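Undergrad: For reference, the structure I am asking about is given below.
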Amino acid sequence: MRPTAIASRARIKAAVPASGAWRDGDDPGRRQFAALGGLELEGGGLLPDVTLAYETYGTLDAGGRNAVLVLHALTGDSHVAGPAGPGHVTAGWWDDMVGPGKPIDTDRYYVVVPNVLGGCQGSTGPSSAAPDGRPWGARFPRVTTRDQVAVEVRLARELGITGWQLVVGASMGGLRALEWAVLGPEAGIEVRGLAAIATTAQTSADQIAWSHPQLAAIRLDPGWHDGSYYDQPDGQGPHAGLAVARQIAHTTYRSAHELDTRFGRLPQGGEDPLTDGRYAVQSYLDHHGDKLARRFDANSYLVLTDSMNTHDLGRDRGGVEQALGQIAARTLVVAVDSDRLFPPVQSARIARWVPGADDLRIITSPYGHDGFLIEFDQLGPIVREFLESLEVGERVRTAG
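If you're matching positions, the sequence shown starts at 1 in the working numbering and goes up one per residue.
Rendered as structure tokens:
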């Protein structure tokens, strides 16, 4: 390998922590914590002493009618808005969408953002202490999308929220948003508006197939240590497997057109792909794999990916179409035209079968699935308009 290539890679190869999880004793940042008791799991068994980390923005009004629930994607967390800083290694993942004067306007709405059950940023997950005091690791039980929403229902009750003006989620967050639209009303918590963005009512074989090598990459990493790696020194955890998993996933998050247009067959810097150097697109994926390994937890990646694979809104509800037909919320469905992970046909299915769904909205983007994080100029006005229409509907109903 050329010396320049070695030096280039060395700059990003500082030892990676065994886990990027937030742990008890770390700076909480904006996080708050709710202890929600034990949870009987859909697949059997009991998860004791569940805690959810969450952040809130804005103020709940006197009538409790202005609450909005924002649900994050696979590697997101409760820090939806605001800068990086103590307790938060990255800036808010939807900072253009949530805040004063923004489409989800925190001067008007009380926004609640939980870190998902099984996650690694303060909520109960594999890096949390089990009853024996050691991290759960691979002993953490399988949880489903419904389990995750069942705990979020408890959080809503803990916060005194009896109804949501809007439940919004994209990607994995959209899976939970759809479950919320069924489970919430069953639990007595009204969901007046639903926004399902770049998501699906039922995980497909193709999506499960893409997840399979990601899971294997982590479990086959010698640094995984059968899930018990939390006491390993920096550089000795499963960061290589987690990085490979992220590289596979990131490829599905972007479109072939964008990768070809952006990188083509260009080499990376002074490296020579004809010997032992990389193409620029390979360097790009290496970068994203390294970034995730420094801020996330491999076991949480396994748990959350497995939970996404279990997602089927129609399970024990007579099938997907019948389950979608139970949703009473006014519904916004948004797809990204170049999304190859959650293709628009899956969003069209939701819009077709939810009785209160508006016409499917399409974001035009070269970026693929990640368009929901990038195309703010298109998505922001769509969400703002939908929230305003919900308020108009509320006023009409109240006047009537």
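Ideal Cβ positions, reconstructed from N, Cα and C, are used throughout, including at glycine.
Everything numeric in this text was worked out from a predicted model, so none of it was measured.
Where does Phe376 sit, in a helix, a strand or coil, going by DSSP?
TA: Along the sequence shown, one-based indexing puts residue 376 at 376. It is helical.
Undergrad: Can you tell me whether Glu55 is helix, strand or coil according to DSSP?
TA: Indexing the sequence shown from 1 puts residue 55 at position 55. Strand.
Undergrad: Taking the C-alpha atoms as reference points, what is the distance between Arg403 and Met308?
TA: Here the chain comprises residues numbered 1 to 400, so residue 403 is not present and cannot be evaluated.
Undergrad: Quick check for students: name the residue ranges of the alpha helix (DSSP H) that lie wholly in the stretch 107 to 179, counting only runs of 4 or more.
TA: Segments of the alpha helix (DSSP H) lying fully in the stretch 107 to 179: 145 to 158.
Undergrad: So the alpha helix (DSSP H) Val320 belongs to, where does it begin and stop?
TA: Numbered from its first residue, the sequence shown carries residue 320 at position 320. Where Val320 is concerned, the enclosing alpha helix (DSSP H) stretches over Val320 to Gly325.
Undergrad: By the three-class DSSP mapping on this structure, what secondary structure does Gly193 have?
TA: Here residue 193 is taken as the residue at index 193 of the sequence shown, counted from 1. Looking at Gly193 - three-state DSSP - the assignment turns out to be strand.
Undergrad: What did DSSP end up calling Phe342 once you bin it into helix, strand or coil?
TA: If you number the sequence shown from 1, residue 342 lands on position 342. The answer is coil: DSSP assigns Phe342 none of H, G, I, E or B.
Undergrad: Looking at the unbroken beta strand (DSSP E) that takes in Gln32, where does it start and where does it end?
TA: Taking the sequence shown and counting its residues from 1, one reaches residue 32 at position 32. Counting along the chain, the beta strand (DSSP E) containing Gln32 begins and ends at Gln32 to Ala35.
Undergrad: State the Cα-Cα distance for the pair Trp353 and Leu324, rounded to the nearest angstrom.
TA: For the purposes of this step, residue 353 is taken as residue 353 along the sequence shown, with counting starting at 1. For the purposes of this step, residue 324 is taken as residue 324 along the sequence shown, with counting starting at 1. So the alpha carbons of these two residues sit roughly 6 Å apart.
Undergrad: Taking the beta carbon of Gly318 as the centre, do at least 16 other beta carbons fall within 10 Å, making it buried, or is it exposed?
TA: Looking up residue 318 in the sequence shown gives position 318. The residue in question, Gly318, is exposed, as its Cβ has fewer than 16 Cβ neighbours within 10 Å.
Undergrad: Near Ala35, which residues of its chain fall below 6 Å by C-beta distance, leaving aside the five closest residues on each side in sequence?
TA: In the sequence shown, counting from the first residue as 1, residue 35 sits at position 35. The answer, listed in chain order, is Thr51.
Undergrad: Could you please give me the residues that DSSP links to Val336 through a beta bridge?
TA: Sequence index remark: in the sequence shown, residue 336 carries index 336 (1-based). For Val336, which the question treats as bridged, DSSP gives the partners Ile363.
Undergrad: Pick out whichever of Gln121, Ser338 and Val244 has its Cα sitting closest to the Cα of His212.
TA: Numbered from 1 along the sequence shown, position 212 holds the residue referred to as residue 212. The option with the nearest alpha carbon to His212 is Val244.
Undergrad: Find the nearest neighbour of Glu55 within the set Ala198, Arg146, Gly45 and Val68, judged by alpha-carbon distance.
TA: As a working mapping, residue 55 is identified with position 55 in the sequence shown. Comparing Cα-Cα distances from Glu55 to each of Ala198, Arg146, Gly45 and Val68, the minimum goes to Val68.
Undergrad: Mapping the DSSP letters down to three states, classify Thr199 as helix, strand or coil.
TA: Numbered from its first residue, the sequence shown carries residue 199 at position 199. Here Thr199 sits in coil by DSSP.
Undergrad: Quick check: does the Cβ of Tyr54 come within less than 6 Å of any heavy atom belonging to the ligand SAM?
TA: You won't find the ligand SAM in this model; it holds no ligand whatsoever.
Undergrad: Residue range of the alpha helix (DSSP H) that Ala249 falls in?
TA: The residue you call residue 249 lines up with position 249 of the sequence shown. Its alpha helix (DSSP H) spans residues His239 to Tyr253.
Undergrad: Applying the 10 Å Cβ sphere with the 16-neighbour rule, what's the burial state of Gly133?
TA: Translated into the one-based positions of the sequence shown, residue 133 becomes position 133. Exposed, by the Cβ-count rule.
Undergrad: Just verifying my parser: in three-state terms, what is the DSSP assignment at Asp312?
TA: The residue given as residue 312 occupies position 312 in the sequence shown. It is a strand residue.
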